[in-house]
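Chemist:
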Amino acid sequence: AQSVTQPDIHITVSEGASLELRCNYSYGATPYLFWYVQSPGQGLQLLLKYFSGDTLVQGIKGFEAEFKRSQSSFNLRKPSVHWSDAAEYFCAVQGNNDMRFGAGTRLTVKP
Amino acid sequence: DVKVTQSSRYLVKRTGEKVFLECVQDMDHENMFWYRQDPGLGLRLIYFSYDVKMKEKGDIPEGYSVSREKKERFSLILESASTNQTSMYLCASSEPGGRAGDTQYFGPGTRLTVL
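Sequence order for the protein chains is E and A.
89 is the number that the numbering used here gives to position 70 of the first sequence; each next residue is one higher, with no gaps.
137 is the number that the numbering used here gives to position 17 of the second sequence; each next residue is one higher, with no gaps.
What follows is the structure, encoded as structure tokens:
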């Protein structure tokens, strides 16, 4: 079965600084990969997803992620963080039908 | 826009009570899911359903059951609530077909506290 690891439990960045959230997956075949964001008290919202093709995927809110098969990674990036990006971020991998989520990375944005 | 609604945002129950969590989606999705979310553990799948009256166990089904009598509604039932079921419960639905790679759309969650 597939699995996901998000190595960073909590990250703090200054507003305007760049951001990279790490995600490593384990799956035997080509995975379907997702990044979701959860604002406080809210459900999860899809940021972006990778199925195939171009390994650099653009998402909403200025986020992008890069699929690297050799490293089994799907890291999320944003060039300039805004205070409203403070939230919890989940990476997920989907196999045949079910989806596995990472434990999440909480992002704090300093003024 | 896809809308997934959950009957309560916050719920407080006592140990031993029977608890119903309701989820409704308005996009004619065939697939529906129940997860629980706990700090440091991410989301864990409790049950899912690919069709009316159909259900499949996820990773942590013990202590839970589900009901799907209508396509748009998926209910999670705690037959006898226990304190270790205090958690955030998230419902999701996904696009028709059940194909791998279908996006799941989430409700706002129900934070359940069992005293």
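Backbone N, C-alpha and C define an ideal beta-carbon position, used for all residues, glycine too.
For clarity, every value in this text was computed on a predicted model and none was experimentally measured.
For a minimum of 3 consecutive residues, which ranges assigned as the beta strand (DSSP E) are wholly contained in the stretch 166 to 224 of chain A?
Modeler: 184 to 190, 193 to 198, 207 to 214
Chemist: Which residues, taken in chain order from the stretch 144 to 174 of chain A, show a beta carbon closer than 9 Å to some beta carbon of chain E?
Modeler: N151, F153, Y155, Q157, P159, G160, L161, G162, L163, R164, L165, F168, Y170
Chemist: Indicate whether the contact test is met: 3 or more Cβ pairs, each with one atom in the stretch 196 to 214 of chain A and one in the stretch 171 to 183 of chain A, closer than 8 Å.
Modeler: yes
Chemist: Just to make sure I have the definition right: I need the residues of chain E whose C-beta is within less than 7 Å of the C-beta of P228(A). Which are they?
Modeler: Q61, G62
Chemist: What do you get for P159(A), buried or exposed, if any count of 16 or more other CB atoms within 10 angstroms of its CB means buried?
Modeler: With fewer than 16 other Cβ atoms within 10 Å, it is exposed.
Chemist: Look at the alpha carbon of T206(A) and the alpha carbon of T233(A), and state the distance between them as a whole number of angstroms.
Modeler: Straight-line measurement puts the Cα of T233(A) at about 5 Å from the Cα of T206(A).
Chemist: With a cut-off of 8 Å, do at least 3 Cβ pairs link the stretch 123 to 130 of chain A to the stretch 78 to 95 of chain E?
Modeler: With a cut-off of 8 Å, the stretch 78 to 95 of chain E and the stretch 123 to 130 of chain A do not count as touching, because too few Cβ pairs lie within range.
Chemist: Is I79(E) helix, strand or coil by DSSP?
Modeler: In the structure shown, I79(E) sits in a helix (DSSP, three-state: H, G or I).
Chemist: Alpha carbon to alpha carbon, how far is L165(A) from G35(E)?
Modeler: 36 Å
Chemist: Pull up the distance between the alpha-carbon of G78(E) and that of R134(A), whole angstroms please.
Modeler: 42 Å
Chemist: Report the neighbours of T203(A) on chain E: residues whose CB is nearer than 7 Å to its CB, in chain order.
Modeler: Here the premise fails: no neighbours, minimum Cβ distance about 22 Å.
Chemist: So is A122(E) in contact with chain A if we call contact Cβ pairs under 8 Å?
Modeler: yes
Chemist: Give the straight-line distance between the Cα atoms of W54(E) and Q157(A), rounded to the nearest whole angstrom.
Modeler: 16 Å
Chemist: Could you check whether L141(A) and T230(A) sit closer than 8 Å to each other, using their CB atoms as the reference points?
Modeler: yes
Chemist: Alpha carbons only, please: which of Y130(A), K138(A), M152(A) is nearest the one belonging to C211(A)?
Modeler: M152(A)
Chemist: Taking 8 Å as the threshold (C-beta atoms), are G227(A) and G62(E) in contact?
Modeler: yes
Chemist: Is the separation between the beta-carbon of Q57(E) and that of R119(E) shorter than 8 Å?
Modeler: no
Chemist: Which residues, in order along the stretch 78 to 94 of chain E, keep a beta-carbon less than 9 Å from a beta-carbon of chain A?
Modeler: none
Chemist: Verify the CB distance criterion: does L210(A) have a CB-CB separation below 8 Å to chain E?
Modeler: L210(A) counts as touching chain E.
Chemist: Compute the beta-carbon to beta-carbon distance between F70(E) and Y51(E), rounded to the nearest angstrom, for a pair I have assumed lies under 8 Å.
Modeler: Their Cβ separation, rounded to whole angstroms, is 6 Å, which keeps F70(E) and Y51(E) in contact under 8 Å.
Chemist: Determine whether the beta carbon atoms of R188(A) and M174(A) lie at a separation below 8 Å.
Modeler: When the beta-carbon positions are compared, R188(A) and M174(A) come within less than 8 Å of each other.
Chemist: Taking the beta strand (DSSP E) that C143(A) belongs to, which residues open and close that run?
Modeler: 139 to 145
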